[in-house]
Amino acid sequence: MNWIEASRPVRFTSLLGASSARATIEAGHGQEQVMSSTKSQDNKAIVDRWFTEFWGKSWNPTIVEELGAPDILLQYLLQAPRRGRADVKTFMTEFREAFPDLSVTGAADFVCEGDYVVGRWEGWGTHTGPGYCDFLVGCLPPASARKMRFSGTTVLRISNGKIAEQIGLDDGVTALLQLGLRGAA
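In my numbering, the protein residues as written are 24 to 208.
This is the structure in structure tokens:
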């Protein structure tokens, strides 16, 4: 069971201790190549835990140091890109102060290829906290009570068991309109 089951909050059960299942495939010219399915399982488990503890209802600030690479890149359309553990942790701390009920859940199974894991998700939150000025197009006054619901697709790159990049494409325009932010237009 993992974060992709959108109907209810779930907790990740580690796959990192799973047996090292291997598949042998023919690589052409009569040569065989052994590929490990464990790497895919491990990478999916890392991303599952990241979404559960970083983006899910139960924010765990230590997850950034535990699963994020030192120079992790977090990039979405609503905010400026964030680089490094401290910057990513500050982003989420401030975002959750402004949107205490922030939650993101999966909308489809993960797809994994090598070091990359792709996932579709849905998120929502209500701005009941302090003023928030991290959006690229404007600021929210304190406790605006505006709600946002948005969705997107994220590509994460795993390097040496750590999340090196999380780059997402979201429907940020929808969220900004719901929040009453229209930018300079």
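All C-beta atoms in this analysis are idealised placements derived from N, C-alpha and C, irrespective of residue type, glycine included.
The beta carbons of glycine 142 and threonine 177 sit closer together than 7 Å. One Cα belongs to methionine 171, the other to leucine 125, and the distance between them is close to 9 Å.
In the three-state reduction of the DSSP assignment, alanine 131 falls in the coil class.
In the DSSP assignment, serine 182 is bridged to Lys185. Scanning its chain for C-beta atoms nearer than 7 Å, with the 5 sequence neighbours on each side dropped, one finds around glutamate 120 the residues Gly152, Pro153, in chain order.
Rounded to whole angstroms, phenylalanine 74 and threonine 128 show a C-alpha spacing of 8 Å. Counting along the chain, leucine 200 sits inside the alpha helix (DSSP H) bounded by residues 195-201. Annotated three-state conformation of phenylalanine 173 is strand, per DSSP. Annotation: valine 70 to isoleucine 86 spans about 11 Å, alpha carbon to alpha carbon.
Leucine 97: not part of any alpha helix (DSSP H); member of the beta strand (DSSP E) spanning 91-98, first to last residue. About 7 Å separates the Cβ atoms of proline 93 and glycine 107, confirming a contact at the 8 Å cut-off. Shown here for glycine 146: same chain residues with a beta carbon closer than 6 Å to its own, the five before and five after excluded, namely Val127, Phe173 in chain order. With contacts defined as CB atoms closer than 7 Å, isoleucine 186 and leucine 100 fail to qualify as a contacting pair.
Your pair alanine 130 and threonine 149 does not check out as a contact, with CB atoms roughly 20 Å apart and the cut at 8 Å.
Under the three-state reduction of DSSP output, tryptophan 82 falls in the coil class, being neither helix nor strand. Here the C-alpha atom of serine 60 lies approximately 32 Å from the C-alpha atom of alanine 109. For phenylalanine 158, the beta-bridge partners assigned by DSSP are Gln102, Gly161. The continuous stretches of beta strand (DSSP E) do not include arginine 205, and DSSP gives it neither H nor E. Rounded to the nearest angstrom, the gap between the Cα atoms of leucine 97 and proline 164 is 25 Å.
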